[in-house]
Amino acid sequence: MQNLRGIVLVILAMAFFTLEDGFNKFLTTSLPAGQVMVFLGLGGVLLFGGICLWQRSPVLGPLSRHPAVITRTVAEGFSTLFFISALALVPIATVGAVFQATPLAITLGAALFLGERVGWRRWSAIVVGFLGVLVVIRPGLSGFQPEALLVLGAVLSVAVRDLAARRMPEALPSTVAAFLAFSILAPTGVVLLAIEGRDWQPMTAHQSLLMLLSFLSMAAGYYLVLLATRIGDASAVTPFRYTRLLFTLIMGALVFAEMPDLLTYAGSALILGSGLYTFLRERRLARRILAESRADPLP
């Protein structure tokens, strides 16, 4: 029953993250992407700064200066810059499909930089997944959008962020890590604003409402993911993170009148299939290692 509740919560979280993406895409049609990024960062700083203050957790203590924490924070800034820019320039269905390759990029990074053993099956799944990415973005073909490469930038940045998180001090509270991550979004948003070459825009009441709804959707998504991982087994709830792509495709069709072609669906299937296989394979290997450790006689 706990796993079922966790599954429901993670599906709801993916729905909220999809809503956030939709609100941000709406906002970037009339506002600079950098400005949207600044407001998201300020909202996160206020939220998690207030929580850290309530918990009396120092946000700029020695643990915050750990190299892994700094790396994670900088990677968060790059990932949001790439993702917000992609939302502004690329169909949301394409963004959603390519972004699902993130778990494959994390597995690839763990093998190359953290010394994690990856067998030929998972290597094959990684290759198939990134072939799916190529099918979706179609470099060199008539339907290719160079802006779609921004999503790959987001995927690689998130992979660096999550790999760095594995090396963060265990004593660092999650709320402090979240505060630091959001704190870099505002200055990175200013840099993006300069890259866009656009001026800061006064916001209408409608735009302010969309910005608030975007932030609330993001906060709800993070909170529900936290609840889901606490009450349900990761092996049970993690595969349902892929429902985000389903929600994104539905939103793209109903709200933004985007109808993905057959190649986009085919590439998405390759990405999802390889991602799920990689997850299930890692789960199986973890169980085998656990069983072998229990079978070893005591020294």
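In the numbering used here, the protein residues as written are 215 to 513. From the three backbone atoms N, C-alpha and C, an ideal C-beta is built for every residue, glycine too.
Proximity to residue i [Cα-Cα], best of the options
i: LEU459; options: ALA442, LEU476, VAL469, ILE485; result: ILE485
i: LEU423; options: MET228, VAL250, ALA229; result: VAL250
i: ILE351; options: THR308, LEU377, ALA385, ARG279; result: THR308
i: PHE465; options: PRO305, GLN314, GLY333; result: Going by the sequence as given, residue 465 is Met instead of Phe. The residue with the shortest Cα to Cα distance from MET465 is PRO305.
i: SER338; options: GLY487, GLY403, ARG497, LEU499; result: GLY487
i: ASN217; options: PHE461, ARG502, LEU441, SER482; result: LEU441
i: THR232; options: PHE461, TYR479, GLY489; result: PHE461
i: SER278; options: LEU386, ARG412, VAL332, MET228; result: LEU386
i: THR478; options: VAL273, LEU399, ARG336, GLY346; result: GLY346
i: LEU363; options: ARG495, ALA483, LEU322, VAL312; result: VAL312
i: ALA302; options: GLU361, PRO276, TYR436; result: GLU361
i: THR402; options: SER482, LEU254, ILE221; result: LEU254
i: GLY367; options: ALA315, ALA434, PRO276; result: ALA315
i: VAL349; options: ARG412, GLY323, LEU476, GLU496; result: LEU476
i: VAL365; options: GLY310, MET417, ASP413; result: GLY310
i: ARG380; options: PRO416, GLU330, GLY411; result: GLU330
i: ILE483; options: HIS420, VAL342, ARG502; result: Just to set this straight, residue 483 is Ala in the shown sequence, not Ile. The shortest C-alpha separation from ALA483 is found at VAL342.
i: ARG495; options: HIS280, TRP334, PRO276; result: TRP334
Same chain, Cβ closer than 6 Å to residue i, neighbours up to 5 away in sequence not counted
i: ILE225; result: PHE454, THR457
i: PHE292; result: SER371
i: LEU223; result: LEU438, LEU441, ALA442
i: MET382; result: ALA282, VAL283
i: ASP376; result: ILE320
i: GLY481; result: GLY346, VAL349, VAL350
Buried or exposed (CB count within 10 angstroms, at least 16 for buried), residue i
i: MET425; result: buried
i: VAL369; result: buried
i: ALA373; result: buried
i: LEU326; result: exposed
i: ASP235; result: buried
i: LEU328; result: exposed
i: MET473; result: exposed
i: ARG498; result: exposed
i: THR243; result: exposed
i: LEU274; result: exposed
i: PHE358; result: exposed
i: ILE409; result: exposed
i: GLY257; result: buried
i: LEU512; result: Below a pLDDT of 50, predicted positions are generally treated as unreliable, and LEU512, at 49, falls in that range; no measurement from the model is reported.
i: ALA400; result: buried
Backbone secondary structure at residue i - three-state DSSP
i: ARG336; result: helix
i: ARG218; result: Correcting the residue identity first, residue 218 is Leu in this sequence and not Arg. Three-state DSSP puts LEU218 in a helix.
i: GLU361; result: helix
i: VAL451; result: helix
i: LEU512; result: Annotation note: pLDDT 49 at LEU512 (below 50); position unreliable, coordinate value reported separately. Three-state result, LEU512: coil.
i: GLY411; result: coil
i: SER244; result: coil
i: VAL469; result: coil
i: LEU328; result: coil
i: SER271; result: coil
i: THR478; result: helix
i: VAL304; result: coil
i: MET382; result: coil
i: ALA434; result: helix
i: MET251; result: helix
i: HIS280; result: coil
i: ARG498; result: helix
i: THR285; result: helix
i: ILE398; result: coil
Nonlocal neighbours in the same chain, by C-beta distance under 8 Å from residue i, ignoring five residues either side
i: THR389; result: PHE262, ILE265, CYS266, GLN269, SER271
i: LEU406; result: PRO246, ALA247, GLY248, MET251, LEU295, ILE298, SER299
i: ILE398; result: GLY255, THR287, VAL288, GLU290, GLY291
i: GLN415; result: SER244, LEU245, PRO246, GLN249
i: GLN421; result: LEU241, SER244, LEU245
7 Å CB neighbourhood of residue i in its chain, flanking five on each side removed
i: ALA378; result: ALA282, THR285, ARG286, ALA289
i: MET228; result: ARG455, THR457, ARG458, PHE461
i: THR321; result: VAL332, ARG336, ILE340, THR492
i: ARG412; result: PRO246
i: ALA434; result: PHE230
Below-7 Å beta-carbon distance, residue i vs any chain B residue
i: ARG502; result: Although the question refers to chain B, the structure presented lacks it and comprises just one protein chain.
Residue i: CB within 6 Å of a non-hydrogen atom of the ligand FMN
i: LEU424; result: Of ligands this structure carries none, so the ligand FMN is not represented either.
Quiz item: Any chance the segment 386-396 sits against the segment 272-288, with 3 or more Cβ pairs inside 8 Å?
Solution: The answer is yes - the segment 272-288 touches the segment 386-396, with three or more Cβ pairs under 8 Å.
Quiz item: Okay, do the segment 423-432 and the segment 252-267 touch, 3+ Cβ pairs below 8 Å being the bar?
Solution: yes
Practice problem: Report yes or no: do the segment 459-473 and the segment 231-243 share at least 3 C-beta pairs separated by less than 8 Å? | Solution: Contact between the segment 459-473 and the segment 231-243 is present: three or more C-beta pairs spanning the two stretches fall below 8 Å.
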